[in-house]
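Take 1229 as the starting number for the sequence shown in the working numbering and just add one per residue. Quick reminder that beta carbons are idealized off the backbone N, C-alpha and C, glycines included. Since the structure is predicted, the reported quantities are computational estimates derived from the model, not experimental observations.
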Amino acid sequence: MDQLKQKILTEGRVKDANILIVDSFLNHQLDIPLMDAMGREFAKYFNARGVNKILTIEASGIAVAAFTARYFEAPVLFARKTPTLTAIEDKYTAEVYSFTKQVSNRVFVSRRYLTPEDNVLVIDDFLAHGQALLGLAEIVRQAGATLVGAGIVIEKGFQKGGGLVREAGIDLLSLARIKSMEPGRVEFF
Ligand code: G4P
1229 MDQLKQKILT EGRVKDANIL IVDSFLNHQL DIPLMDAMGR EFAKYFNARG
1279 VNKILTIEAS GIAVAAFTAR YFEAPVLFAR KTPTLTAIED KYTAEVYSFT
1329 KQVSNRVFVS RRYLTPEDNV LVIDDFLAHG QALLGLAEIV RQAGATLVGA
1379 GIVIEKGFQK GGGLVREAGI DLLSLARIKS MEPGRVEFF
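Now the structure itself:
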């Protein structure tokens, strides 16, 4: 998606340790017209596949999932990392280890909102090692729902997540796939 790649090139900053900072439009401040264009792009690709639920994970996946959901007229369900005020008793859970942050989260979704009738599109901001996406796929499996595919804003194609997700047979659309990066330079596939 050219508009997104251009934005990464002009506003993204590469930190050492292979971290791309995109706080100006995705992870802190949100560029709303871009969010909407990304949602439309996901909708174009996953159109006509009966998607009735968008699943993401807090926090940064929520905005892009919301803009995508408008095109499907579907609700957004976000997996939580932090306990809710009133404990959710009946939930699906998956362990998600973040190699980037070096923390493990047991993420969860209430059974009330994910059922075998659901056709689920998973949306997230970054794909790095694939753990978040595979954790969400595991939650969809536990629910007996159908995983239609996954839409990712930025895939760090030089890390192993994309390979793991495609090997798992998940239909994956990444709007920008980074081949390599270093401070001052980002190259796309
Ligand atoms: P994985 O889920 O693909 O395995 O990725 P990984 O463990 O490496 O990353 C986990 C967290 O780090 C995710 O955020 C992910 O969005 C973020 N992340 C990974 N690589 C980058 C990067 O290059 N730049 C930025 N800005 N973030 C990156 P999270 O824990 O879900 O937190 P949140 O930001 O959604 O709250």
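(message) Quick check on this structure: which residue in I1316, L1400, R1308 has the alpha carbon closest to the alpha carbon of V1324?
(response) Looking up residue 1324 in the sequence shown gives position 96. Per the Cα distances, R1308.
(request) May I have the straight-line CA-CA distance separating T1310 from S1288, to the nearest angstrom? (result) In the sequence shown, the residue the question calls residue 1310 occupies position 82. In the sequence shown, the residue the question calls residue 1288 occupies position 60. Cα-Cα distance, rounded: 14 Å.
(message) Between L1175 and ligand 1, is there a pair consisting of the residue's CB and a ligand heavy atom that are separated by less than 7 Å?
(response) Outside the displayed span of the chain (1229 to 1417) sits residue 1175, for which this structure offers no information.
(message) Please state whether the Cβ-Cβ distance between L1401 and L1342 is less than 8 Å.
(response) Counting from one through the sequence shown, the residue named residue 1401 turns up at place 173. Counting from one through the sequence shown, the residue named residue 1342 turns up at place 114. Not in contact: L1401 and L1342 (Cβ atoms no closer than 8 Å).
(request) Could you spell out where the beta strand (DSSP E) holding A1322 opens and where it closes? (result) The residue you call residue 1322 lines up with position 94 of the sequence shown. Per DSSP, A1322 belongs to the beta strand (DSSP E) from 1319-1326.
(request) Report all residues from its chain with a CB closer than 8 Å to the CB of I1290; omit the five preceding and five following residues, and keep chain order. (result) Your numbering for residue 1290 matches position 62 in the sequence shown. Cβ neighbours of I1290 beyond the five flanking positions: T1284, V1304, F1306.
(request) Could you name the residues of the same chain whose beta carbon sits closer than 6 Å to that of I1316, not counting the 5 residues immediately before and after it, in chain order? (result) The residue given as residue 1316 occupies position 88 in the sequence shown. S1338, listed in sequence order.
(request) Give the range of the alpha helix (DSSP H) segment to which E1366 is assigned. (result) What you label residue 1366 is simply residue 138 of the sequence shown in a count that begins at 1. Element bounds for E1366: 1359-1371.
(request) State the start and end residues of the unbroken alpha helix (DSSP H) segment that holds D1264. (result) In the sequence shown, the residue the question calls residue 1264 occupies position 36. 1260-1274 is the extent of the alpha helix (DSSP H) around D1264.
(request) For R1277, collect the residues of the same chain with a Cβ closer than 6 Å to its Cβ; drop the 5 residues on either side in sequence, then sort them by chain order. (result) Start at 1 with the first residue of the sequence shown, and residue 1277 comes out as number 49. The residues are V1376.
(request) May I ask you to check if the CB of D1353 is nearer than 7 Å to at least one heavy atom of ligand 1? (result) Counting from 1 along the sequence shown, the entry for residue 1353 is found at position 125. The answer is yes for D1353.
(message) Taking the alpha-carbon of Q1359 as reference, which of G1372, E1383, T1374 has the nearest alpha-carbon?
(response) Stepping through the sequence shown from its first residue, residue 1359 is reached at position 131. Comparing Cα-Cα distances from Q1359 to each of G1372, E1383, T1374, the minimum goes to E1383.
(request) Give every residue of the same chain whose Cβ lies closer than 7 Å to the Cβ of A1271, excluding the five residues on either side of it in the sequence, and list them in chain order. (result) As a working mapping, residue 1271 is identified with position 43 in the sequence shown. For A1271, where only same-chain residues beyond five positions count, the Cβ hits under 7 Å are T1296, Y1299, F1300.
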